[in-house]
Each structure stands twice: as structure tokens, then as C-alpha cells.
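One line per chain: the protein sequences are D and S, in this order. So in my numbering, spot 33 of the first sequence is number 43, and the numbers just go up one at a time. So in my numbering, spot 97 of the second sequence is number 227, and the numbers just go up one at a time.
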Amino acid sequence: MTITVELDIYSGRPNPSWEMDAKQTAHLLKQLAKLSTLPKAVLDMQDGLGYRGFNIKIVDENVKDEAPIIVKVFHGIIRIDDNVFEDTVFIEKNLLNQAKQNGFKNILESLGE
Amino acid sequence: MIITLDVFSGMPNPSWKLNEKDAKKFVERFASRSVLDAENMEAPLGYRGFSIETASDVKRPDTLPTKFHVGGTVADSFKAKGLKNPLLSLDEMDDATKWLLSKSDGAIKEDLMSYVKDTLKQQKKGIKEVAPTEIVEDTFLKDITAKSPCIIQSTAYNPAFWNDPAYITRNNCYAYAMNYRSNTFPQPGRRSGHPAPFPPTCANIRTAANWDGCKSTCSGGNKLVALVIWPGNDYHWYRKHSAGFWGHKPGGTAARNVDSLNRVINGTTLTPFNCARGPYSIFCSYLYSPTGMIVS
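Written as C-alpha cells, this is what we have:
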């Protein structure tokens, strides 16, 4: 299983991204399994210039020809394909911590994240 | 849809954009017809026909390639064998080329227009053209950059073209502003081999974009674009649309015509200069992106 996290923050330049290690991968999968669905009406992922959350790509190499799962995390809401969840298990907070450890502390804090 | 009159050898060919309605009309001419690309054509000096590019925000039927050639003379070496459908007849092609010229909207200078029209007449009569190139290269375009009038050819707002899930993440603000869906997350200066150094500044992003064809002064047909900077981090572009408002595309997200406070950037009270831009606090300048500019 390979999980790539993209910090969705730039407009012109490509967004920074990193790969989760085994421990982070296991933790995220555990967290995702705990989520409960929200009605779509509450979906408010208004984005724009600056911090727009995270795009997570999950690839399971053991499943042949399987398309990657794309997870969008932003401001307490998580979208996996057409399903919307409330981030009750602090996935975004964990990802923000990872981003800060990966060299984006100053940028994120300057944006109030 | 971008039309380029293929006529010069040293200077840039004049290009213009067909609006959505005209592009649709033009495409209808090729229903159940085959088209050729430039490699199938003679390449004399002077008039060689028109290059048609659809990699912009215009809907295109799947049957048409993104780039093809119209007008000019089919090369002797071309074998029509294997074409799925017939090509346009000579009369149909003549009509199509004249129609394209009629839609050039000032992109072709008067003298050049006369030359092309004369050449088309001669070709129709079967008269071999006589040394058309001297007049083209020497007289018409020597002073194109200095004397061409400034024409702002604003483009229609077509977010659906950019927000198609197959392309949305592969194109950014630069692609949107320059109106070229390269699918490469294009960067200023990459196409011209002069990418901007880090960190992005007004000066180095503008210079890199200028290498790609963007201009600080207006001459010929252009789109009006605006450059802003997030100091030390990133750059962002806006493009003015024919309805008067401005559009933009923050990175791999959806194209829109509103600012960070969800207000329409209407082009009068709200512009790229004074709209809410998040961390992109530095407004650099307005710039001119020539019609037909390509980025990568």
C-alpha cells in the first residue's frame, strides 16, 4: 500500500507532496475506517487561493489494475469519491502536523493553519 | 479555437481566436470529412493555408484532431488512399478559407489580407503564384511589433472546458490565463527554455512568461492577463473575459470568476488589482498574451 499526500496550496507551482511511511499509512487507514458518512448537503469545500487542504492518493499494489483511491481533506470535511464524511478523528490535524514536519511549518502558520 | 494564418517564415504568423459560436459553425463544415495536417501540405514561401488548434476552451467533436490544416496546396507526395472520409472539395475549401479570413478580426494587416486574397483568387483560377514571398517577408511584417495596433481579443468564459475531471488537475493558473490547456501543469518559461528561478518574483515570472510570448506592451491581437505573487512562495494569473469579468484557476482546482471572498471579479469595481487574493499579496502588472500563445 502506498499513500501519497499532496498539500494543496499553490496555484502556479506544483503542490508539494510526500509519501507516508508504514506507520503513518497504517494509522491513516485505521482513521479512515472510523469515519461516518455525512449527508452531501453539508459539503462545503470552498477552495481558492492559499491553503486548500490535502489530496491523498492511496494505491494498493496488491490489487491489479485497481484505480487509486483519492481522498480530499479540507476544513473538517473528507471526501472519498462521492462519499462525504466529517473528520471526527482529526485526520486533517495529523496531516497538518506531517506537512509542518516536512518543511511547511512557516507557510502554514502564516496562513493561520 | 485558435486560427493561425501560415504565411511567414521568420516572423510570427498572425493568429486569432474564433468565438464559440463561430468555432462551432466552422467545425460543422468538417462533419463526415477528413482533414489533413501540415505535413501533408506543400510548404512554399508565402501563403500556406491555416493551422487550426482546438486546445483551448472550445468544445470539439471527437472526430476532429486537436490540430489540423486548412487551405494551401496538398503535397504531391500525399496519398489520399486510406482516408476514412472525403476531404473538402476545392470550392468548399475556398469558401472555408475565405470565411476564416473574414473572422480574423483585425489580426491580419490590410496589406497582408490583400496578398492572401489575391493568392486565393489565383489558386482558384489555377494560376501558379509568382514570387509571393518577397512582398510578404520584406514589406508586411518588418515592423509588426512596432506598428501593429493593439487589439484585445478577450475570450469567452468557459469553465466547463477547464473543470472537466480529465483535465482539471493537469492545468493551472498559467494554462488558464494563456488559454492553452497543455495538460502539463505549465510553468512560465518552460516552453521557451527560460524557466523562472526560485523564489518567484514579479520580475522573474514576468520575464519567463515573456520568453514564452507574453508581452509587457500591447501590439497585435492579445488577451489581457494579470500576474500576482505570493512572496517567497508562488505566483498566480488571471485572464479577462469577453463579458468584462476576470477568470482564474487556482492550481489544479476549478476555474472561476470570483475572488477569495466569493465576489465576482467584475472588471469594474473589482479587478485582479483590488480583489481578495489570499496570500498573493503583490500585484505585479497587467500583461498581454498574444492570441495563439502556447505554454508547456
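Backbone N, C-alpha and C define an ideal beta-carbon position, used for all residues, glycine too.
C-beta neighbour in chain S for residue i, strict 9 Å
{"i": "L59 of chain D", "result": "yes"}
{"i": "P24 of chain D", "result": "yes"}
{"i": "S120 of chain D", "result": "yes"}
{"i": "S21 of chain D", "result": "yes"}
{"i": "R89 of chain D", "result": "no"}
{"i": "I68 of chain D", "result": "no"}
{"i": "D97 of chain D", "result": "no"}
{"i": "D18 of chain D", "result": "yes"}
{"i": "A117 of chain D", "result": "The amino acid at residue 117 of chain D is misidentified as Ala; the sequence shows Ile. It does; some Cβ of chain S falls within 9 Å."}
Check whether residue i and residue j have beta carbons under 9 Å apart
{"i": "N428 of chain S", "j": "I424 of chain S", "result": "With chain S covering only 131 through 426, there is no way to say anything about residue 428 of chain S."}
{"i": "W229 of chain S", "j": "T421 of chain S", "result": "no"}
{"i": "D235 of chain S", "j": "G179 of chain S", "result": "no"}
{"i": "M30 of chain D", "j": "I19 of chain D", "result": "no"}
{"i": "Y410 of chain S", "j": "G63 of chain D", "result": "no"}
{"i": "K214 of chain S", "j": "S164 of chain S", "result": "yes"}
{"i": "C344 of chain S", "j": "V358 of chain S", "result": "no"}
{"i": "P361 of chain S", "j": "A339 of chain S", "result": "no"}
{"i": "R369 of chain S", "j": "D342 of chain S", "result": "no"}
{"i": "I298 of chain S", "j": "T184 of chain S", "result": "no"}
{"i": "A226 of chain S", "j": "G201 of chain S", "result": "yes"}
{"i": "M11 of chain D", "j": "T47 of chain D", "result": "no"}
{"i": "H366 of chain S", "j": "R407 of chain S", "result": "yes"}
{"i": "V99 of chain D", "j": "I66 of chain D", "result": "no"}
{"i": "S181 of chain S", "j": "N143 of chain S", "result": "yes"}
{"i": "G22 of chain D", "j": "N302 of chain S", "result": "yes"}
{"i": "I335 of chain S", "j": "C280 of chain S", "result": "no"}
{"i": "W292 of chain S", "j": "A385 of chain S", "result": "yes"}
{"i": "L38 of chain D", "j": "N104 of chain D", "result": "yes"}
Cβ of residue i within 9 Å of any chain D Cβ
{"i": "I335 of chain S", "result": "yes"}
{"i": "P380 of chain S", "result": "yes"}
{"i": "Y416 of chain S", "result": "no"}
{"i": "Y177 of chain S", "result": "no"}
{"i": "W367 of chain S", "result": "yes"}
{"i": "W146 of chain S", "result": "no"}
{"i": "P262 of chain S", "result": "A caution first: P262 of chain S carries a pLDDT of 33, below 50, which makes its placement in the model unreliable, though a value can still be read off. It does not; no Cβ of chain D falls within 9 Å."}
{"i": "A276 of chain S", "result": "With a pLDDT of only 45 at A276 of chain S, under the threshold of 50, the placement of this residue in the model should not be trusted; the figure read from the coordinates follows. For A276 of chain S, the answer is no, since every Cβ of chain D falls outside 9 Å of its Cβ."}
{"i": "W360 of chain S", "result": "yes"}
{"i": "N404 of chain S", "result": "no"}
{"i": "R321 of chain S", "result": "no"}
{"i": "Y245 of chain S", "result": "no"}
{"i": "S162 of chain S", "result": "no"}
{"i": "Q317 of chain S", "result": "yes"}
{"i": "A384 of chain S", "result": "yes"}
{"i": "D294 of chain S", "result": "no"}
{"i": "D364 of chain S", "result": "yes"}
{"i": "R311 of chain S", "result": "no"}
{"i": "S390 of chain S", "result": "yes"}
{"i": "P409 of chain S", "result": "yes"}
{"i": "P289 of chain S", "result": "no"}
Residue range of the unbroken alpha helix (DSSP H) whose run includes residue i
{"i": "Y120 of chain S", "result": "An answer regarding residue 120 of chain S cannot be provided, because it is not within the stretch 131 to 426 covered by chain S."}
{"i": "V99 of chain D", "result": "No alpha helix (DSSP H) holds V99 of chain D; DSSP gives it neither H nor E."}
{"i": "D152 of chain S", "result": "150-158"}
{"i": "K164 of chain S", "result": "Before going further, note that residue 164 of chain S is Ser rather than Lys in the sequence given. Unbroken run through S164 of chain S: none, as it is neither H nor E."}
{"i": "S145 of chain S", "result": "Counting along the chain, S145 of chain S falls outside any alpha helix (DSSP H), though it belongs to the beta strand (DSSP E) covering 145-147."}
{"i": "D224 of chain S", "result": "220-232"}
{"i": "H37 of chain D", "result": "32-43"}
{"i": "T289 of chain S", "result": "Here the sequence assigns Pro to residue 289 of chain S, which means Thr is not the residue at that position. That run of the alpha helix (DSSP H) goes 289-293."}
{"i": "L118 of chain D", "result": "115-120"}
Beta-bridge pairing of residue i - partner residues as DSSP gives them
{"i": "M171 of chain S", "result": "S:V204"}
{"i": "N350 of chain S", "result": "The residue asked about is misnamed: residue 350 of chain S is Gly in this sequence, not Asn. S:C280, per the DSSP bridge assignment."}
{"i": "E16 of chain D", "result": "D:S27, D:N65"}
{"i": "V94 of chain D", "result": "D:R89"}
{"i": "R393 of chain S", "result": "Note: R393 of chain S sits in no beta bridge, so no partner."}
{"i": "T285 of chain S", "result": "S:H371"}
{"i": "R407 of chain S", "result": "Answer by DSSP bridge pairing: none, since R407 of chain S is not bridged."}
{"i": "A356 of chain S", "result": "S:Y368, S:Y416"}
{"i": "T47 of chain D", "result": "D:F95"}
Residue i, enclosing beta strand (DSSP E) - first and last residue
{"i": "C332 of chain S", "result": "Where C332 of chain S is concerned, there is no enclosing beta strand (DSSP E), although the alpha helix (DSSP H) it sits in stretches over 332-342."}
{"i": "E430 of chain S", "result": "Because chain S here runs from 131 to 426, residue 430 of chain S falls outside it and cannot be looked at."}
{"i": "P420 of chain S", "result": "412-420"}
{"i": "K67 of chain D", "result": "64-69"}
{"i": "F84 of chain D", "result": "79-84"}
{"i": "T134 of chain S", "result": "132-135"}
{"i": "H378 of chain S", "result": "No beta strand (DSSP E) contains H378 of chain S, which DSSP labels as neither H nor E."}
{"i": "H371 of chain S", "result": "Unbroken run through H371 of chain S: none, as it is neither H nor E."}
Interface residues of chain A facing residue i [CB-CB closer than 7 Å]
{"i": "N302 of chain S", "result": "Going by chain labels, chain A is absent from the structure shown, which instead holds the protein chains D and S."}
* Asked: So does the segment 371-390 of chain S actually touch the segment 281-298 of chain S, counting three or more Cβ pairs closer than 8 Å?
  -> yes
* Sufficient close CB pairs (3 or more, under 8 Å) joining the segment 388-406 of chain S to the segment 302-313 of chain S -> no
* Within the chosen definition, does the segment 40-47 of chain D reach the segment 79-95 of chain D through at least 3 CB pairs nearer than 8 Å? -> yes
* Would you call the segment 149-165 of chain S and the segment 98-118 of chain D in contact, with 3 or more CB pairs under 8 Å? -> no
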